[in-house]
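Numbering (my numbering), first residue to last: 2 to 93. Think of the CB as a built atom: it goes at the ideal place given N, C-alpha and C, for glycine as much as any other residue. All values derive from a computational prediction rather than experimental measurement.
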Amino acid sequence: MTKPVYLVLVWLGVLSAFTLLLFGWDKLMAKLGRRRIPEASLLFACLAGGAAGGLVGMYLFHHKIRKPKFYVTVPLLVILDAVLFAVVLMRT
2 MTKPVYLVLV WLGVLSAFTL LLFGWDKLMA KLGRRRIPEA SLLFACLAGG
52 AAGGLVGMYL FHHKIRKPKF YVTVPLLVIL DAVLFAVVLM RT
């Protein structure tokens, strides 16, 4: 595996794990009635490369699954991440 492909895989993996934790933490804080993570921060984490983790977190924690801002945007960002990864893979 070439270095750019490896770096992109690590980036997507780390960001996805982080975003999954963000969704889980936000759900826990919602249940406890505590201070929440802003929606913009959750979406930014998805945009930065954590969309796969965000999508898993949405359905694992049943969190933000009724909000169009999330159930439309996050799957599209997963597709975008996959396309960008494919571009990196083809160029190396």
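Point to revise | Spatial distance of L66 from Y72 (CA atoms) | key: Numbered from 1 along the sequence shown, position 65 holds the residue referred to as residue 66. Numbered from 1 along the sequence shown, position 71 holds the residue referred to as residue 72. In the sequence as presented, Leu is not what sits at residue 66; that position holds Ile. When rounded, the distance between both Cα atoms is 6 Å.
Check your understanding: Does the Cβ-Cβ distance between A41 and L78 come in under 9 Å?
Key -> Sequence index remark: in the sequence shown, residue 41 carries index 40 (1-based). Sequence index remark: in the sequence shown, residue 78 carries index 77 (1-based). No, they are not a contact pair.
Check your understanding: For the segment 6 to 15 against the segment 27 to 45, are there 3 or more C-beta pairs whose distance is under 8 Å?
Key -> no
Point to revise | Three-state class that DSSP yields for F62 in the structure shown | key: Position 61 of the sequence shown, counting from 1, holds the residue named residue 62. DSSP places F62 in coil when its eight states are reduced to three.
Check your understanding: Helix, strand or coil: how does DSSP classify R92 here?
Key -> Start at 1 with the first residue of the sequence shown, and residue 92 comes out as number 91. Three-state result, R92: helix.
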